[in-house]
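The numbering used here applies: residue 261 is where the sequence shown begins, and numbers increase by one.
Down below is the structure, laid out as structure tokens.
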Amino acid sequence: MYLERLHDALPEVRDRIERACERASRSDPDSVTLVAVTKGHPVEALRAARDAGLKVVGENRVQEARAKWETAGGLDLTWHLVGHLQRNKARQALQMFRLTKSVDSVRLA
């Protein structure tokens, strides 16, 4: 189910990225990182993303990401945290995420 939906949606998403790059005078649409956010979806969605050629997944909850990461750690995916990071979750986040898009406070940064 997830793989079929991704295969249907990805061409349009990539086309929109290409058009946005043209409008921004950005010459290489491949330089844009497409992050498949899997919030609320099971590990099967991660497998489908990888099988569809996506390499970066995003989560906004450290606890949910931890469960998926432990199950799907061998899928060779890069993980991004795309939501609010609280100080008490920072140590766990450092183990899993290559990039964090936001933090809770200047002190945490």
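Glycine included, every Cβ here is placed at the ideal spot set by N, Cα and C.
These numbers come from a predicted model, not from an experiment.
Here Leu341 is actually not in contact with Ala350; their C-beta atoms are around 10 Å apart, not less than 8 Å. Nearest Cα to Val292 within the set Glu272, Glu278, Pro271, Glu324: Glu278. Under DSSP, Val295 shares a beta bridge with Val316. According to the DSSP assignment, His340 belongs to the beta strand (DSSP E) that extends over 338-341. The way I'd put it, the segment 321-338 does touch the segment 298-309; three or more beta-carbon pairs between them come closer than 8 Å.
For Leu345, the three-state secondary structure derived from DSSP is coil. The residue among Leu337, Arg367, Leu294, Arg265 with its C-alpha nearest the C-alpha of Leu345 is Arg367. Distance from the Cα of Pro302 is smallest, within the candidate group Gln355, Gly318, Ala284, Asp268, for Gly318.
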